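Take a look at the structure set out below.
Numbering (the numbering used here), first residue to last: 124 to 351.
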């Protein structure tokens, strides 16, 4: 109606409906990710493309404080003689599986000889039983005030690349960007009274150093009254 009256092109109704549906779906995903009982299992076919996808997924999940409980390697080929035409793909899969086992608990699913289709094929997959705990990973704050005069926030980010990391302090929040992923994280209460003193990425873990702000940090009296 507005488009007809004002003569200005307006988006079609289906675009508004699609946007509303996306909002609902994103909110549902956010609720699952934020749930402390959420358990994550990744499914991927071993190989270069699968390795890249697992690396990206692992980094994105880590930024949300989640770590996959299992990595299910699907469509794994059987061992074949060296002169078989499948020897190359088999060797490629074995190499990827070895790399995955350094980080994840890997469950192998044999190749079915065809692409899986529908719920019946999905139900036929052998997957691990019920997990004992959630996939939530804590980000601890380590007190190094006595040694170095800082508090260190340890943020596990496996697969992160130093040149693709970015940090911005915004009030009581820290904006963390890792590759294609970005998250706004509320600072723990102790760190809100500090200034960012530096950061380093070591062994797949981001360590952000915070120095106490003298104007906000509680001061210890130099000559305390013994009677108080």
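We put the CB at the ideal spot given by N, CA and C, even for glycine.
If you're wondering where the values come from, they're calculated on a predicted model, not measured in any experiment.
Cβ-Cβ distance between residue i and residue j below 8 Å
i           : j           : result
residue 328 : residue 265 : no
residue 334 : residue 272 : yes
residue 146 : residue 257 : no
residue 281 : residue 220 : no
residue 213 : residue 206 : no
residue 163 : residue 184 : yes
residue 283 : residue 324 : yes
residue 229 : residue 223 : yes
residue 316 : residue 187 : no
residue 194 : residue 227 : yes
residue 189 : residue 232 : no
residue 276 : residue 245 : no
residue 285 : residue 274 : no
residue 309 : residue 296 : yes
residue 259 : residue 234 : no
Bridge-paired residues (DSSP) for residue i
i           : result
residue 321 : 332
residue 276 : 264, 331
residue 167 : 196
residue 184 : Beta-bridge pairing links residue 184 to no other residue.
residue 147 : None, per the DSSP bridge assignment.
residue 189 : 259
Opening and closing residue of the alpha helix (DSSP H) in which residue i lies
i           : result
residue 245 : 241-246
residue 266 : Element bounds for residue 266: not the alpha helix (DSSP H) but the beta strand (DSSP E), 264-267.
Own chain, CB closer than 7 Å to residue i, minus 5 neighbours either side, in chain order
i           : result
residue 322 : 290, 329, 330, 331, 332
residue 350 : At residue 350 the pLDDT is 48, less than 50, meaning the model places this residue with poor confidence; the figure from the coordinates comes in the next sentence. Answer for residue 350: no residue qualifies.
residue 336 : 316, 317, 318
Extent of the continuous beta strand (DSSP E) run through residue i
i           : result
residue 231 : 229-233
residue 217 : Unbroken run through residue 217 is the alpha helix (DSSP H), 210-224; no beta strand (DSSP E).
Neighbourhood of residue i by C-beta, 6 Å cutoff - its chain only, sequence neighbours within 5 removed
i           : result
residue 181 : 281, 282
residue 287 : 302
residue 217 : none
residue 292 : 319
Cutoff 8 Å; reference residue i; Cβ partners in own chain excluding five residues on either side
i           : result
residue 178 : 282
residue 171 : 215, 219
Any non-hydrogen atom of the ligand MN closer than 7 Å to residue i Cβ
i           : result
residue 277 : The ligand MN is absent from the structure shown, which contains no ligands of any kind.
Kindly provide the ranges of any beta strand (DSSP E) runs that are 3 or more residues long and lie completely inside the stretch 279-325, ordered along the chain.
-> 288-293, 296-301, 304-309, 317-325
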